Amino acid sequence: MSGERLSGAQLLCRLLLEEGVDLIWGYPGGAIMPFYHALPEHPGLRHILVRHEQAAAHAADGYARASGRIGVCVATSGPGATNLVTGLATAHMDSSPVVAITGQVPRHMIGRDAFQETDVIGLTLPITKHSCQVRDVTELADEVRKAIAIAKEGRPGPVLIDVPKDVQNQQTTYEPARPPAPPAVPATPVSRARAEAVAAAAGLIAGAARPLIMVGHGVILADAYDAVRQLAEQTGIPVITTLLGISAFPESHPLHLGMPGMHGEVHVNRAIQQADVIVGIGLRFDDRVTGNTAGFAPRAQIVHVDLDASEIGKNVPTAVAIVGDAKEAVAELLRAVAPRRCDAWRHEILSFVRPRQETYRGDLSPENIVGAVHEVTGDRVTIVTDVGQHQMWVAKLYPYRRPNTHITSGGLGTMGFAVPAAMGVALARPAEPVWSISGDGGFQMNLQEIATMVQEKIPVKMGIFNNGYLGMVRQWQQFFHGRRYSATPIWSPDYVKLADAYGIAGWRVEEASQLQDVLARAHATPGPALVEFVIEQEANVFPMIPPGASLSEPIEAESVGAPGA
Amino acid sequence: MTEGSAVPHAVSVLLDEELLALNRTVGALRRRNLPIESIAVGPAGAPGLARLTIILNSDVATVDTTVKKLHKLSGVRAAVTFPVDEGVTRELALVKVRAQHERYAALLDVIELFNADVVDEGADAVIVQVTGSGSFILAFIRAVEGFGILDVARSGSVALARATD
Chain Y
2 MSGERLSGAQ LLCRLLLEEG VDLIWGYPGG AIMPFYHALP EHPGLRHILV
52 RHEQAAAHAA DGYARASGRI GVCVATSGPG ATNLVTGLAT AHMDSSPVVA
102 ITGQVPRHMI GRDAFQETDV IGLTLPITKH SCQVRDVTEL ADEVRKAIAI
152 AKEGRPGPVL IDVPKDVQNQ QTTYEPARPP APPAVPATPV SRARAEAVAA
202 AAGLIAGAAR PLIMVGHGVI LADAYDAVRQ LAEQTGIPVI TTLLGISAFP
252 ESHPLHLGMP GMHGEVHVNR AIQQADVIVG IGLRFDDRVT GNTAGFAPRA
302 QIVHVDLDAS EIGKNVPTAV AIVGDAKEAV AELLRAVAPR RCDAWRHEIL
352 SFVRPRQETY RGDLSPENIV GAVHEVTGDR VTIVTDVGQH QMWVAKLYPY
402 RRPNTHITSG GLGTMGFAVP AAMGVALARP AEPVWSISGD GGFQMNLQEI
452 ATMVQEKIPV KMGIFNNGYL GMVRQWQQFF HGRRYSATPI WSPDYVKLAD
502 AYGIAGWRVE EASQLQDVLA RAHATPGPAL VEFVIEQEAN VFPMIPPGAS
552 LSEPIEAESV GAPGA
Chain C
9 MTEGSAVPHA VSVLLDEELL ALNRTVGALR RRNLPIESIA VGPAGAPGLA
59 RLTIILNSDV ATVDTTVKKL HKLSGVRAAV TFPVDEGVTR ELALVKVRAQ
109 HERYAALLDV IELFNADVVD EGADAVIVQV TGSGSFILAF IRAVEGFGIL
159 DVARSGSVAL ARATD
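Protein chains in written order, with my numbering: chain Y, 2 to 566; chain C, 9 to 173.
Here it is as structure tokens:
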């Protein structure tokens, strides 16, 4: 193989295969045509033609999150590249290793405002972990290998490789990677400082009367699911899961409390406000989790375990910092902490639990919908949610029991994420059912991807919570803007007819009594299928911490009145 | 996390000598709207590396977070910070001053006082090179203001932590 002559485009394909890539999401165009010309010579690379480049980035993101491997998307220069931007920003905020390859105008035309030229490096600098433009084919292999290594190492994140068209056509000699590739960041040995930090954390845990464990996405990324459960069981400390930490701890576990923050349960936020020690693992204390940081966990000393040193102390003051892989750090903690129990504290927290009070027309409540999805799919399913009210309902109500089976756009809050990301999840987990759940707003942002599912036989089941509003924005308007529903009523097409137009099965559910039958039929349908849930128009997500308020100041259902009142 | 009073800090960044790494680094600073007093960039000691020196007038927590953020950027090899007081800070300025015959001797007195050099002499103006801390440069500029300043070019501060550290 050594010394083989290849074009830049052929080399690019070879480098992807070398990295174990077998799936690419993309859309061809002028500046990436040499790559697409080479693609059929590499049958090991399956290419999925999306209907919009944004979907390619989200699908690659979904694939990466579900598989733990890199997700690859490809676009042409100019508008193709700019359409990737939202997907890359989404992946960046949620630490997902997406590798984007963009065509670029030939080198002699760069900077001359050529047709379909855009400075994609400049555009994506703040939303990628790394980006590069390959200036000569002799640099291509090194640049691609380096970019992919950066995407995967440490805290994962997206990278972008911009390849001018003439570089794709240049001839070069292929040299296979020299295994093993040297790690770009050398592994740090366990230092004395680290051992001291672990001992200090163990001391805080041992002395705490009201300790909590808060777990985030880092636990899933580090595969620390079992380690965290052992830590909880060894210490009896109740566990809180952030939005991206959902499914990082079994929800059926007696120590599981729920989600914190803006739409967290009252008992979870009260527990945080009363805690004396919080062990945060793989989370960044995002503002949606903390509320006003000045009033966050006022009695708690915080132990923060995170792979990214720049997260320590960024949002909340930290008593003990352990910088490193969550799995290793928790294993060290496990060896350092003595077994204990926290029964009185756990029972105190459970005494804070408030029953949900909302009622819904036709009994088509989020509980009933989510419960029926679970009943039909069991624990095998992965749920991909979009952004808004339905996202919060699913996060709060779905009883996740397997790690990494809840995938959503957390940090960026990207509407339109669910449908294309679910395609990526479906191809990463071909043996398991995958449901995307969206609102009527987010679904209409990327519904064109139904065509991709049909063409490529990607069996995503799509649920749509249709309330005729951009529901979460409407809820904010109701609470904070005097019910002025400015630009939030949204018309939808007839989704059953839409499904029919794409040649897939579709159902509309208007009563809870229809749920079981329709969901069972959708679940049994091979290939993609669509189910619309016509829900209460002005239902709200309760409780809610108003933006800028502390976790001690929730809005609960009774303080606002019945939906639509 | 912004408790503590603002103190001038030097942030010294060793990065790959390419515009992309510089762009990424400066972009990260720009994004946080930090109170930047000066930026200087030039080749570092080792080949292929550049040294970026930023003087930030900010509290310790903000500066520490900034350095941690910079540290993880692709293309950044190292990033350290120290209060300006705890390092050596130097800046170079070229100041073009009107030099009328009758006041030339007085101007030379000021130049000598600041240990500055006349590096170019024209018919009715001179270019003076002055080196020192940022406040020293500012003091020189104030001192020659009365003669008529035609132009000023300042390099921005470069800084190193003291050798005793």
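Glycine is no exception: its CB is placed at the ideal position from the N, C-alpha and C atoms.
Here the structure is a predicted model, which means the values were calculated and not measured.
Residue 311 (chain Y) touches chain C at which residues, Cβ-Cβ below 8 Å?
73, 76, 77, 79 and 80
Taking 8 Å as the threshold (beta carbon to beta carbon), is residue 151 (chain Y) in contact with chain C?
yes
Which same chain residues end up closer than 7 Å to residue 124 (chain C) when comparing Cβ atoms and leaving out the 5 residues on each side of it in sequence?
136, 137, 138 and 148
So, does the CB of residue 28 (chain C) fall closer than 8 Å to a CB anywhere in chain Y?
Taking Cβ atoms only, chain Y reaches closer than 8 Å to residue 28 (chain C), which makes this a yes.
Hey, residue 139 (chain Y) and residue 415 (chain Y): beta-carbon distance below 8 Å or not?
no
Using a Cβ-Cβ cutoff of less than 7 Å, which residues in the same chain neighbour residue 398 (chain Y) once the five nearest sequence positions on both sides are dropped?
367, 368 and 371
Residue 481 (chain Y): buried (16+ other C-beta within 10 angstroms of its C-beta) or exposed?
exposed
Residue 126 (chain Y) versus chain C: which residues are under 7 Å apart at the beta carbon?
31, 32 and 35
Of the choices Y:155, Y:291 and Y:490, whose alpha-carbon is the least far from that of residue 549 (chain Y)?
Y:291
Alpha carbon to alpha carbon, what distance is there between residue 373 (chain Y) and residue 520 (chain Y)?
7 Å
Since residue 327 (chain Y) and residue 429 (chain Y) should fall inside the 8 Å C-beta cutoff, what is the C-beta to C-beta distance between them, to a whole number of angstroms?
Rounded, the Cβ-Cβ distance is 22 Å, inconsistent with contact.
Which one or two residues does DSSP pair with residue 104 (chain C) in a beta bridge?
Answer is C:135 and C:159.
Of the residues that make up the segment 49 to 61 of chain C, which ones have a beta carbon closer than 8 Å to any beta carbon in chain Y?
Interface annotation for the segment 49 to 61 of chain C against chain Y: empty, criterion Cβ-Cβ distance under 8 Å.
Apart from the five residues just before and just after residue 131 (chain Y), which ones in its own chain have a Cβ nearer than 6 Å to its Cβ?
148, 151 and 160
Between which residues of its own chain and residue 444 (chain Y) is the CB-CB distance below 6 Å, once the five residues before and five after are set aside?
465
Which first and last residues belong to the beta strand (DSSP E) in which residue 169 (chain C) is found?
166 to 169
Quick one: is residue 127 (chain C) buried, meaning 16 or more other Cβ sit within 10 Å of its Cβ, or exposed?
Classification for residue 127 (chain C): exposed.
Could you tell me which chain Y residues have their CB closer than 8 Å to the CB of residue 39 (chain C), listed as they occur along the chain?
127
Quick check: is the beta carbon of residue 114 (chain C) nearer than 8 Å to any beta carbon in chain Y?
no
Taking the beta carbon of residue 109 (chain C) as the centre, do at least 16 other beta carbons fall within 10 Å, making it buried, or is it exposed?
The residue in question, residue 109 (chain C), is exposed, as its Cβ has fewer than 16 Cβ neighbours within 10 Å.
Can you check whether the C-beta of residue 69 (chain C) is within less than 8 Å of a C-beta belonging to chain Y?
yes
Between which two residues does the beta strand (DSSP E) containing residue 143 (chain C) stretch?
Run containing residue 143 (chain C): none in the beta strand (DSSP E); it sits in the alpha helix (DSSP H), 142 to 152.
Alpha carbons only, please: which of Y:27, Y:11, Y:555 and Y:9 is nearest the one belonging to residue 293 (chain Y)?
Y:555
How close, in whole Å, do the beta carbons of residue 275 (chain Y) and residue 211 (chain Y) come, if the pair is a contact with beta carbons under 8 Å?
Between residue 275 (chain Y) and residue 211 (chain Y), the beta carbon gap of about 6 Å places them in contact (Cβ cut-off 8 Å).
Would you list, in chain order, the members of the segment 314 to 330 of chain Y that have their beta-carbon closer than 9 Å to a beta-carbon of chain C?
314, 315, 316, 317 and 318
Do residue 584 (chain Y) and residue 469 (chain Y) have their CB atoms nearer than 8 Å?
No statement about residue 584 (chain Y) is possible, as the shown extent of chain Y runs from 2 to 566 and does not include it.
What residues of chain C sit near residue 130 (chain Y), judged by a beta carbon separation below 7 Å?
82
Any C-beta of chain C sitting closer than 8 Å to the C-beta of residue 562 (chain Y)?
Only weak support exists for where residue 562 (chain Y) lies, its pLDDT of 47 falling under 50; the coordinates are left without a value.
Look up residue 526 (chain Y) in the DSSP assignment and say whether it is helix, strand or coil.
coil
Tell me whether residue 37 (chain Y) sits in a helix, a strand or coil according to DSSP, three-state version.
helix
How big is the Cα-Cα spacing for residue 78 (chain Y) and residue 136 (chain Y)?
15 Å
Determine the direct distance from the alpha carbon of residue 318 (chain Y) to that of residue 217 (chain Y), and round the result to whole angstroms.
Going by the C-alpha atoms only, they are around 18 Å apart.
Are the C-beta atoms of residue 122 (chain Y) and some chain C residue less than 8 Å apart?
yes
Got a sec, what are the start and stop residues for the beta strand (DSSP E) residue 508 (chain Y) sits in?
506 to 510
Whose CA, out of Y:227, Y:417, Y:381 and Y:407, lies closest to the CA of residue 329 (chain Y)?
Y:227
Helix, strand or coil for residue 43 (chain Y) per DSSP?
The answer is coil: DSSP assigns residue 43 (chain Y) none of H, G, I, E or B.
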